[in-house]
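Here's the structure we're looking at; comments come further down.
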Amino acid sequence: MSDTNKVVWSEGLFLRTQHLQQQDRHTEGLVRGALQAAPMQAWGFRSLTLDKPALDAGRVAIAAASGIFPDGTSFAIPDTMSAPAPVPIKADMSGHVSLAIPIERAGSATIDPAHAEPAGSRYRGVIQTVRDAIRGGAEPEEVEVARLSARLILPGEDGAGYVSLPVARVEGLRADGSVAVAEGTLPPALCLSANPWYAGLAQEVVTGLDRIAEAHGKLVLGGAGRSIENLLLLELANTARPRVAHMLAQNLHHPSEFFMELAGLAGRMATYGSSSRRLSDLPAYDHLDPQPAFAALADTLRSLMLSLRHVEPKSRALQVARHAQNIWKVRIDNPDLLKTSRIVLRIGSDMSDESLRRIFVSQATVG
């Protein structure tokens with residue numbers, strides 16, 4: 023039977039502690055059910071700051087963090103949860119260090135009271151002075167509140183019985199004894215603002231799209247050698263740029279949504295910038311460890327943007343000179359052009375296209 027069923031509040035009910043606890047479980051169950059029904063992964067960090075002095079001393083510690091654990095439990099360090107004890111890193115240690123709390127098991131005690139020794143429960147009772155919210159009400163009172171009891175799990179350590187979130191991928195110690203945190207580490211996040219790396223990538227893409235639009239826009243506006251491909255690339259850049267710029271400005275989108283947007287952009291770019299005209303396979307997005315997928319996507323985007331912003335005209339104009347009355351000639355310095363290229367004659371007039379086409383074809387000779 024579910025441990026989160028609603029309490030029946032009936033007339034004459036003799037109120038006991040269990041009634042209020044069951045109501046808490048019911049409310050928490052509703053919140054977690056709503057989070058689990060979200061279209062994207064509704065868990066991860068909203069913010070995360072590692073303790074820099076601790077890293078320099080060879081330990082991993084959390085200075086501040088907020089977010090939601092995979093089971094739907096919300097947390098905020100240091101507001102609603104005390105920072106876990108720092109953990110030392112060994113020189114040969116490699117892998118993820120994770121923030122963890124005990125799993126909540128139905129029917130089991132979940133709180134260690136403040137007056138008792140900790141027994142590894144999910145919550146630890148803490149005496150807190152609470153004020154009356156009513157103006158002119160009662161004096162502040164000491165109330166025992168339950169704070170999540172968190173710990174840091176080291177790479178290779180058994181995490182059974184815990185629900186966790188990776189906070190960093192470590193690669194042992196540097197020569198000076200400080201912790202070597204893997205470059206580009208991306209813990210699971212609820213929004214892009216949780217890690218500045220996302221904003222850096224978005225800004226890089228916006229800048230790259232600006233350069234693509236500038237390069238191809240000049241050709242579309244009348245540069246020599248313009249083609250329909252230049253127009254299509256200009257349209258691609260002009261369409262994608264405001265979308266990515268919006269994500270950068272808001273900085274609140276889900277990383278999975280950001281990945282989908284950039285992967286689609288990379289696919290459209292590959293149509294013009296890849297030799298195969300296809301986008302190579304990217305690693306699947308893994309919310310628990312998004313770094314491999316985003317690293318591959320970022321490298322792909324950089325390569326495509328670099329190739330697309332360097333414009334090589336698909337055609338070039340040949341100088342036409344008047345040779346005699348009604349005779350015009352073009353000098354071709356490279357005879358190979360006659361073998362490898364197609365010569366196109368372009369004319370213009372104030373008359374209609376149909377009239378110009380009929381008169382010119384009947385009166386002109388090319389030789």
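Number 283 in our numbering belongs to position 261 of the sequence shown; there are no gaps in the numbering.
Think of the CB as a built atom: it goes at the ideal place given N, C-alpha and C, for glycine as much as any other residue.
Quick caveat: nothing in here was measured; it's all calculated off a predicted structure.
Could you check where the beta strand (DSSP E) with A288 kicks off and where it finishes? Annotation: A288 is outside any beta strand (DSSP E); the continuous alpha helix (DSSP H) that includes it extends over 277-295.
List, from N- to C-terminal side, the beta strand (DSSP E) runs of 3 residues or more that fit wholly inside the stretch 120-154. 145-152
Taking the Cβ atom as the reference point for each residue, do A288 and N260 lie within a distance shorter than 8 angstroms? no
Below 8 angstroms, can you find three or more Cβ-Cβ pairs linking the stretch 197-208 to the stretch 149-161? no
Chain-order list of residues whose beta-carbon lies under 6 angstroms from that of T102 (same chain, five-residue window excluded): none
Inter-residue CB distance, G66 and L253 (contact presumed, cutoff 8 angstroms): Not really, about 41 angstroms apart at Cβ, beyond 8 angstroms.
Exposed unless 16 or more other CB atoms sit within 10 angstroms - verdict on P210: buried
May I ask you to verify whether the stretch 81-101 touches the stretch 116-127, counting CB pairs closer than 8 angstroms and requiring at least 3? yes
Please check the pair S177 and G117, which I expect to be a contact at CB under 8 angstroms, by giving their CB distance rounded to whole angstroms. In the sequence as displayed, the identity of residue 177 is Pro instead of Ser. With a Cβ gap of about 3 angstroms, P177 and G117 count as contacting.
Unbroken alpha helix (DSSP H) runs of length 4 or more, entirely within the stretch 218-262: which are they? Qualifying alpha helix (DSSP H) stretches, in chain order: 218-242.
Check for me: the alpha helix (DSSP H) holding V377 runs from which residue to which? The amino acid occupying residue 377 in the given sequence is Ser; Val does not appear at that position. Segment 375-385, the alpha helix (DSSP H) holding S377.
Following the continuous beta strand (DSSP E) through S96, name the residue where it begins and the one where it ends. Secondary structure note for S96: its beta strand (DSSP E) is the uninterrupted segment 96-99.
If you follow the alpha helix (DSSP H) that P188 is part of, which residue opens it and which one closes it? First-last for P188: 184-195, but that is the beta strand (DSSP E), not the alpha helix (DSSP H).
Taking the continuous beta strand (DSSP E) assigned at T71, which residues delimit it? 66-72
Applying the 10 Å Cβ sphere with the 16-neighbour rule, what's the burial state of M327? buried
On the DSSP bridge list, what partners appear for V352? Looking at the DSSP output, V352 shares a beta bridge with V342.
Apart from the five residues on each side of it in sequence, which residues of its chain come closer than 7 angstroms, Cβ to Cβ, to A267? Excluding residues within five positions, the ones whose Cβ falls inside 7 angstroms are V228.
Use the C-beta contact count for A141: other C-beta atoms within 10 angstroms, 16 or more gives buried, fewer gives exposed. exposed
C-alpha distance - D114 paired with K74, whole-angstrom precision: Each residue's alpha carbon lies about 21 angstroms from the other.
With DSSP run on the structure shown, which of helix, strand or coil describes R157? coil
Is it buried or exposed for G295, if we count other Cβ within 10 angstroms and need 16 for buried? buried
Nearest by alpha-carbon distance to R173: which of H332, A216, A105 is it? The residue from H332, A216, A105 with its alpha-carbon nearest to that of R173 is A105.
Does the Cβ of I365 have 16 or more other Cβ atoms within 10 Å, making it buried, or fewer, making it exposed? I365 sits exposed, since fewer than 16 C-beta atoms from the chains shown fall within 10 Å of its C-beta.
Classification of H275 by the beta-carbon crowding that lies within 10 angstroms, buried from 16 upward: buried
Just tell me which of A136, Y184, D198, L323 has its CA closest to the CA of R169. A136
Round the Cβ separation of P92 and V185 to the nearest angstrom and send it over; I've been treating them as touching at under 8 angstroms. Taking a contact as a CB-CB distance under 8 angstroms, the pair P92 and V185 counts as one, their CB atoms being some 6 angstroms apart.
Is there contact between the stretch 23-34 and the stretch 48-63, where contact requires at least three CB pairs shorter than 8 angstroms? yes
Counting only the same chain and skipping the five closest in sequence on each side, list residues whose C-beta sits under 6 angstroms from that of A85. T71, D73
Which two residues bound the contiguous beta strand (DSSP E) that contains S88? 84-90
Mind checking who H118 pairs with in its DSSP beta bridge? According to DSSP, H118 bridges with R191.
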